[in-house]
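If you count the sequence shown from 1, position 52 lands on 200 in the working numbering, and the numbers rise without skipping. Structure first, then comments.
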Amino acid sequence: MLSLKLPQLLRVHQVPRVFWEDGIMSGYRRPTSSALDCVLSSFQMTNETVNIWTHFLPTW
């Protein structure tokens, strides 16, 4: 069976300041994340999860 570990999401103080967004305190991906890590992180609950899925699902 295929078992994929979801990538760890970071807090604002764990990423370089250039990536900081006002009001976003957690849910950051590592700046060196692979494309697979980015796709897998869309299945984790973050402040952007609902936003991603409500925009993605209507395209189907």
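Glycine included, every Cβ here is placed at the ideal spot set by N, Cα and C. Keep in mind it's a predicted model, so treat the numbers as computed, not measured.
About 10 angstroms separates the CB atoms of proline 155 and serine 190; that is not less than 8 angstroms, and the two are not in contact.
Within the DSSP bridge table, the entry for serine 189 names no partner. Residue environment analysis places arginine 165 among the exposed positions, since fewer than 16 neighbouring C-beta atoms fall within 10 angstroms of its C-beta. Given a length threshold of 4 residues, each whole run of the alpha helix (DSSP H) inside the stretch 157 to 191 is given here in chain order: 183 to 189. Valine 163 and valine 198 have their C-alpha atoms some 23 angstroms from each other.
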